[in-house]
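One structure below.
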Ligand code: NDP
């Protein structure tokens, strides 16, 4: 049987490396055909030597020379830059594109992969947050399938298998609640980056880990679900389930609820996206129900976790508003990771950016690009202003 040739965009990240572990378990079925990274050139060199893909791309051009020199003599094509990343997804040899890059940067390569009619395993949720309507329309037009990798959406996808057109009453997205689930507003005001990076259940890249701590991640997942499953926003409910054993649920028109359960391990949803519609064996840990006797559920608190409320608001307002939220969020998360803003300051900047950037009701691709630029500029200025006022407050209090 011909092996499925996989392009992994973002092979050096958390999802990318776990995808390679899935492939390691099934070398008779899958082969990495393209591997890509942004800055982590050493990891990309090591992966290339090990897997011998057809081609590799390093997005940041500053690292090209080092990559090309290290791989000289190997039968691997070496490219660099955003354009190369966007072009490579159309390579005739690719059977599936796993989009495991983080952030807005994933949008354009995903659009190109859809246009090239490559089945897509989508981890990069920002693509659907920014341009869900456009992506859905494009995928429908090109007849391209998008398989969810995010564990919640994979759970819903698994619950829907075999249900045909049976009407959905609602989707129930579970949320761990993150490391600050039980913190008071006063405690949230002083939490640190190190605390925010310590997720109780999942090991993930830095950006999504902070998004989980602020619950913006869940807001993004609501948007993602809206576009992946074609439901109305009011049909999507978020329930905090701290054990992360139930990955999400579907309630049908007759009141029946289907859930997908498993250990918090991204390899399962990654593998399901690669193997769909088949289920193949895996060595991943199994749920031991005698060890998890407490599965609990609570309502999310949108007054303490403002980002979830802001995400719902953006979805309700539609147009380019989710794109504004995404850009502002990328700016503030980066600032938080560089000690440039406080935990609660992040929501403040996002909310003000939502109120400042020009609204576009029915955006096309160019509008998203312009919105992203304007929202980043606005959010960056606000971050500067707040970090200055924060530091002058500290000066005064000294
Ligand atoms: P990581 O930060 O661990 O990895 C990101 C990957 O994208 C790296 O390979 C990185 O390269 C590459 N990359 C970053 N910026 C660019 C850029 N501008 N151009 C090209 N490549 C770039 O992220 P995760 O793996 O955690 O997350 C990836 C995506 O999957 C995100 O959208 C996230 O929301 C989603 N997701 C992640 C989950 C998880 O468990 N991690 C769960 C569900 C969804 P380099 O290493 O060189 O910087």
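In our numbering, the protein residues as written are 272 to 669.
All C-beta atoms in this analysis are idealised placements derived from N, C-alpha and C, irrespective of residue type, glycine included.
Here the structure is a predicted model, which is why all the values come from computation and not from measurement.
Query                                                                                                                                                                                            : Result
For residue 531, which residues does DSSP report across the bridge?                                                                                                                              : 519
Does the beta-carbon of residue 670, which I'm using as the reference point, lie nearer than 7 Å to any heavy atom of ligand 1?                                                                  : No statement about residue 670 is possible, as the shown extent of the chain runs from 272 to 669 and does not include it.
What's the gap between the Cα of residue 656 and the Cα of residue 616?                                                                                                                          : 11 Å
Any idea what DSSP makes of residue 669, helix, strand or coil?                                                                                                                                  : Its pLDDT being 36, under 50, residue 669 is placed unreliably in this model, and the coordinates cannot settle the point.
Taking all protein chains shown into account, do 16 or more other C-beta atoms lie within 10 angstroms of the C-beta of residue 481, making it buried, or fewer, making it exposed?              : buried
Determine which residues share a DSSP beta bridge with residue 389 and list them.                                                                                                                : For residue 389, which the question treats as bridged, DSSP gives no partner whatsoever.
Does residue 540 come out as helix, strand or coil in the three-state DSSP assignment?                                                                                                           : helix
With three or more C-beta pairs closer than 8 Å as the rule, is the stretch 596-610 touching the stretch 646-656?                                                                                : yes
So for residue 653, helix, strand or coil by DSSP?                                                                                                                                               : helix
To the nearest angstrom, report how far apart residue 283 and residue 476 are at their CA atoms.                                                                                                 : 10 Å
Would you kindly report the start and end of the unbroken alpha helix (DSSP H) that includes residue 459?                                                                                        : 456-459
Tell me whether residue 644 counts as near ligand 1, meaning its Cβ is closer than 7 Å to at least one heavy atom of that ligand.                                                                : no
The alpha helix (DSSP H) spanning residue 596 covers which residue range?                                                                                                                        : 592-608
Roughly how many angstroms separate the alpha carbons of residue 529 and residue 337, rounded to a whole number?                                                                                 : 50 Å
Between residue 493 and ligand 1, is there a pair consisting of the residue's CB and a ligand heavy atom that are separated by less than 7 Å?                                                    : no
Under the DSSP definition of a beta bridge, which residues are partnered with residue 308?                                                                                                       : 329
Return the first residue and the last residue of the beta strand (DSSP E) that residue 369 is part of.                                                                                           : 367-370
Whose C-beta lies closer than 6 Å to the C-beta of residue 568 among residues of the same chain, with five residues either side of it excluded?                                                  : 510 and 512
Identify, in the order they occur along the chain, each residue of the same chain with its Cβ nearer than 8 Å to the Cβ of residue 541, setting aside the five sequence neighbours on each side. : 286, 289, 290, 293, 369, 392, 394 and 420
Identify which residue in 305, 276, 651 and 373 has its Cα closest to the Cα of residue 297.                                                                                                     : 276
Within the present structure, is the beta-carbon of residue 397 separated from the nearest heavy atom of ligand 1 by less than 7 Å?                                                              : yes
Give me, in chain order, the residues of the same chain whose beta-carbon lies closer than 7 Å to that of residue 324; leave out the 5 immediate sequence neighbours on both sides.              : 303, 304, 305, 306 and 347
Considering only the beta carbon of each residue, do residue 519 and residue 427 sit closer than 8 Å?                                                                                            : yes
Considering just the uninterrupted stretch of the alpha helix (DSSP H) at residue 583, what are its terminal residues?                                                                           : 577-588
To the nearest angstrom, how far is it from the Cα of residue 636 to the Cα of residue 405?                                                                                                      : 8 Å
Thinking residue 639 and residue 376 are a contact (beta carbons under 8 Å), I'd like their distance in whole angstroms, please.                                                                 : Rounded, the Cβ-Cβ distance is 13 Å, inconsistent with contact.
When DSSP labels each residue in this structure, what does residue 274 get in the three-state scheme?                                                                                            : coil
Under the three-state reduction of DSSP, which class applies to residue 612: helix, strand or coil?                                                                                              : coil
Ligand 1 and residue 310: does the residue's C-beta get closer than 7 Å to at least one heavy atom of that ligand?                                                                               : yes
Is residue 473 near ligand 1, in the sense that its beta carbon is under 7 Å from a heavy atom of that ligand?                                                                                   : yes
Excluding sequence positions up to five away, which residues of its chain have a Cβ less than 8 Å from the Cβ of residue 633?                                                                    : 590
Which residues in the same chain as residue 654 place their Cβ atom closer than 7 Å to its Cβ, once the five residues preceding and following it in sequence are excluded?                       : 602, 603, 606, 611, 612 and 620
Checking 8 Å against the spacing of the C-beta atoms, do residue 280 and residue 372 come in under that value?                                                                                   : yes
Report yes if the C-beta of residue 337 is less than 7 Å from at least one heavy atom of ligand 1; otherwise report no.                                                                          : no
CB residue 431 to CB residue 493, shorter than 8 Å?                                                                                                                                              : no
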